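K.L.:
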Amino acid sequence: MTPKQIAVFAIGPVGGAVLGLISLPVITWFFSQEDVGRMAMLQVTLGFSVLLFSLGLDQSYVREFHEADSKPALLKRAMLPGLVLLVVTVLVLLSLGGKLAGWLFDVPAWHLSMLVALALVGSFISRFLSLVLRMNERGLAFSMSQLLPKLLLLAIIGGYVAVGADKNLTNLVLANTAAIAFVCAIYGWNTRAEWLAGIRTRLDIDQLKSMFRFGLPLILGGLAFWGLTAVDKVFLRTLASFEELGVYSVSVSFAAAASILQSVFSTVWAPTVYKWASAGTGLENVNRVSRYILALVILGFALAGLLSWVVTFFLPANYAAVQWIVVSCIGYPLLYTLSETTVVGIGISRRTSFSMLAAVIAFAFNLIGNWWLIPIFGAAGAAVSTCVSFWVFLLLRTEFSIFLWKPMPRLVLYAFTLVSVAGAVVFTLWGEVLRGWMVGYWLVVLGAWAVVFRGEILGVLEFLAKRQKRAELPLI
């Protein structure tokens, strides 16, 4: 992709993160801490359903896209099995009345179950239709489809405040479901040519079986990855309270600023690597890209450690702990993004069982960590456990990729990430006591970063200077 295409794809994640940071303080000021925690359980459930009911076929769609003779037929094969299974499951759950809402929110109301069901189906459809835009490199449509629902959610929350609507759980769930339904409709409109053509195609069972062979190992791995990212919230729901879950979910939401890098990079990286693999060229750039992402990851940790106090200006006093917890929370998006650059050997070799194994082992680490730390430290313990588990995830993905593909330099990668994760752990658990020492620690990390990655820093500055010079050249 060209820099212009990358910039277009970045509009959605960047704009969405900015809008999220605007709407988040509104939600924390006008909705109870318990309801903010309940929304975290909704997000956990949406993520789980997409991973489970996709059956790994979303990854098969991405892998086979450039080699498929009929893209609409490929979409139908990837989307139809999971959609049928999800709709049947949702109908069964709704037949139980308000049980679904009771399990999630401790509020067994049928209307809440219906809203959750609509959100589940909308999220699933949006997942596959977004892949159509992403793989066809329709960056502007992809970005706008991500940005508009954030605007809608912000508008609904603002409308509640303006008209004095009840700040209760029903209205909060309704706002989120409306935003999900809206993005689904936008995706449907932008991809109508693809899915309408797909409806008319014949379902090729033999090719579907081939896609299942690639995707099925990813089901267990996907569930393990969901557990890796969501078990902290489940443990907080069980071992602590909705209040602690609310503090933690707000910390994770602020850490979503780091997910800008994850969203933009993941959107561009996977299609690019598979395109290189299909053409047989370009794979020599993997190590260089990995080093640039490593530099961004370490910079992200250091700046978060130095500037996390800023979040206290935007939140009520009962969310003061967020400033310490957020530094460990950014570990997930940053370390996951970095692992995407080192894991390419698994995708190229099609040995997806190794991705599953990495997720399962890291998930086991997170289970133990949450069970041990949450009763002692609450939300801070959950953040630390997840951050450390993602470092284990990075380590395993990297080593498995090297085993299946080819060696890559990793001493600097492991050393810097370990130093950053260790600093995040101490900062989250004892940062309030070690304030001055932690400032010094992150300044040392930042200084070492400037020395070790001076080549990358100079490369970026030279690139920007050339772009600026080119922009200033007069047209002839």
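So the sequence shown is residues 1012 to 1487, counted in our numbering. Virtual Cβ for every residue (Gly too), placed ideally from N, Cα, C. If you're wondering where the values come from, they're calculated on a predicted model, not measured in any experiment.
Taking 8 Å as the threshold (C-beta atoms), are GLU1045 and GLU1205 in contact?
P.N.:
The sequence position of residue 1205 within the sequence shown is 194, counting from 1. The sequence position of residue 1045 within the sequence shown is 34, counting from 1. Not a contact, by the Cβ cut-off of 8 Å.
K.L.:
Less than 8 Å separating the beta-carbons of ASN1377 and LEU1183?
P.N.:
By 1-based counting over the sequence shown, the position of residue 1377 is 366. By 1-based counting over the sequence shown, the position of residue 1183 is 172. No, these two residues do not count as a Cβ contact at 8 Å.
K.L.:
What residue does the alpha helix (DSSP H) around ARG1299 start on, and which one ends it?
P.N.:
Residue 1299 sits at position 288 when you count from the first residue of the sequence shown. Here the alpha helix (DSSP H) through ARG1299 covers 1297 to 1318.
K.L.:
How big is the Cα-Cα spacing for GLY1356 and GLY1209?
P.N.:
Looking up residue 1356 in the sequence shown gives position 345. Looking up residue 1209 in the sequence shown gives position 198. Distance between the alpha carbons of GLY1356 and GLY1209: 31 Å.
K.L.:
List the whole-angstrom C-beta distance separating PHE1438 from TRP1335, where the pair is believed to meet the contact cut-off of C-beta under 8 Å.
P.N.:
Sequence index remark: in the sequence shown, residue 1438 carries index 427 (1-based). Sequence index remark: in the sequence shown, residue 1335 carries index 324 (1-based). About 6 Å; that satisfies the 8 Å criterion.
K.L.:
Decide if PHE1474 is buried, meaning its Cβ has at least 16 other Cβ atoms within 10 Å, or exposed.
P.N.:
For the purposes of this step, residue 1474 is identified with residue 463 of the sequence shown, where counting begins at 1. Burial call: exposed.
K.L.:
Do you know whose CA, among PHE1059, ALA1268 and GLY1257, lies nearest ALA1235's CA?
P.N.:
The residue given as residue 1235 occupies position 224 in the sequence shown. Nearest option by C-alpha distance: PHE1059.
K.L.:
What's the C-alpha gap between ALA1120 and LEU1096?
P.N.:
Sequence index remark: in the sequence shown, residue 1120 carries index 109 (1-based). Sequence index remark: in the sequence shown, residue 1096 carries index 85 (1-based). Taking the straight line joining both Cα atoms gives about 24 Å.
K.L.:
Determine the burial state of VAL1451: buried for a count of at least 16 other Cβ atoms within 10 Å of its Cβ, exposed for fewer.
P.N.:
As a first step, residue 1451 is located in the sequence shown; it is residue number 440 there, counting from the start. Looking at the sequence provided, one finds Gly at residue 1451 rather than Val. With fewer than 16 Cβ atoms within 10 Å of its Cβ, GLY1451 is classed as exposed.
K.L.:
Mark ARG1248 as exposed unless 16 or more other C-beta atoms lie within 10 angstroms of its C-beta, in which case mark it buried.
P.N.:
Here residue 1248 corresponds to residue number 237 of the sequence shown, with the count starting at 1. Per the 10 Å Cβ criterion, buried.
K.L.:
Once DSSP output is grouped into helix, strand and coil, what is the label at ARG1088?
P.N.:
Position 77 of the sequence shown, counting from 1, holds the residue named residue 1088. Residue state, collapsed to three classes: helix.
K.L.:
Whether or not the stretch 1332 to 1348 and the stretch 1386 to 1400 are in contact is what I'm after, with contact meaning three or more pairs of Cβ atoms, one per stretch, closer than 8 Å; do they touch?
P.N.:
Touching, yes.
K.L.:
Keeping to the same chain, check which residues put their C-beta closer than 6 Å to that of GLY1093; ignore five residues upstream and five downstream.
P.N.:
Position 82 of the sequence shown, counted from the start, is the residue given in the question as residue 1093. These residues qualify, in order along the chain: PHE1064, SER1065 and LEU1066.
K.L.:
Is the beta carbon of GLY1311 sitting closer than 8 Å to the one on MET1449?
P.N.:
The residue labelled residue 1311 in the question sits at position 300 within the sequence shown. The residue labelled residue 1449 in the question sits at position 438 within the sequence shown. Not a contact, by the Cβ cut-off of 8 Å.
K.L.:
Does DSSP put PHE1042 in a helix, a strand or coil?
P.N.:
Position 31 of the sequence shown, counted from the start, is the residue given in the question as residue 1042. Here PHE1042 sits in coil by DSSP.
K.L.:
Does the stretch 1167 to 1182 come close enough to the stretch 1051 to 1058 that 3 or more CB-CB pairs lie under 8 Å?
P.N.:
Output reads no: the stretch 1167 to 1182 does not touch the stretch 1051 to 1058.
K.L.:
Quick check on the DSSP output: what are the complete alpha helix (DSSP H) runs of length 4 or more inside the stretch 1176 to 1201, in order along the chain?
P.N.:
Whole alpha helix (DSSP H) segments, 4+ residues: 1180 to 1201.
K.L.:
Mapping the DSSP letters down to three states, classify SER1160 as helix, strand or coil.
P.N.:
Mapped onto the sequence shown, residue 1160 falls at position 149. Residue identity differs from the one stated: residue 1160 is Pro in this sequence, not Ser. The answer is helix: DSSP assigns PRO1160 an H, G or I state.
K.L.:
Report the rounded CA-to-CA distance for ASN1296 versus SER1156, giving the unit in angstroms.
P.N.:
Counted from its first residue, the sequence shown places residue 1296 at position 285. Counted from its first residue, the sequence shown places residue 1156 at position 145. When rounded, the distance between both Cα atoms is 30 Å.
K.L.:
Give me the Cβ distance between THR1352 and SER1301, rounded to the nearest whole Å; I'm assuming they're in contact under 8 Å.
P.N.:
Taking the sequence shown and counting its residues from 1, one reaches residue 1352 at position 341. Taking the sequence shown and counting its residues from 1, one reaches residue 1301 at position 290. So it is a contact: roughly 4 Å between Cβ atoms.
K.L.:
Please classify ASP1069 as buried or exposed, where buried requires at least 16 neighbouring CB atoms within 10 angstroms.
P.N.:
Taking the sequence shown and counting its residues from 1, one reaches residue 1069 at position 58. Answer is buried; the Cβ neighbour count reaches 16.
K.L.:
From the beta carbon of GLU1351, is the nearest beta carbon of chain C less than 8 Å away?
P.N.:
Absence of chain C from the displayed structure is noted, only one protein chain being present.
K.L.:
How about VAL1354 and ARG1408: are their beta carbons less than 8 Å apart?
P.N.:
The sequence position of residue 1354 within the sequence shown is 343, counting from 1. The sequence position of residue 1408 within the sequence shown is 397, counting from 1. Their beta carbons are under 8 Å apart, which means VAL1354 touches ARG1408 by this criterion.
K.L.:
I need the DSSP call for LEU1486, collapsed to helix, strand or coil.
P.N.:
Locating residue 1486 in the sequence shown gives position 475, counting from the first residue. Annotation note: pLDDT 46 at LEU1486 (below 50); position unreliable, no value reported.
K.L.:
Out of VAL1037, VAL1029 and GLY1026, state which residue places its alpha-carbon closest to the alpha-carbon of PHE1325.
P.N.:
Here the question's residue 1325 lines up with position 314 in the sequence shown. Minimum Cα distance to PHE1325 is reached at VAL1037.
K.L.:
I need the DSSP call for GLU1443, collapsed to helix, strand or coil.
P.N.:
Stepping through the sequence shown from its first residue, residue 1443 is reached at position 432. It is coil, neither helix nor strand.
K.L.:
Let me make sure I understand the geometry here. Which of ASP1243, SER1081, LEU1123 and VAL1430 has the alpha-carbon closest to that of LEU1185?
P.N.:
Position 174 of the sequence shown holds residue 1185. Closest option to LEU1185, Cα to Cα, is LEU1123.
K.L.:
Considering SER1221, what are the terminal residues of the alpha helix (DSSP H) in which it resides?
P.N.:
Taking the sequence shown and counting its residues from 1, the one referred to as residue 1221 is at position 210. That run of the alpha helix (DSSP H) goes 1216 to 1226.
K.L.:
SER1260 and GLY1048 - do their beta-carbons sit closer together than 8 Å?
P.N.:
Residue mapping note: residue 1048 aligns to position 37 of the sequence shown, counting from 1. Residue mapping note: residue 1260 aligns to position 249 of the sequence shown, counting from 1. Yes, the Cβ-Cβ distance between GLY1048 and SER1260 is below 8 Å.
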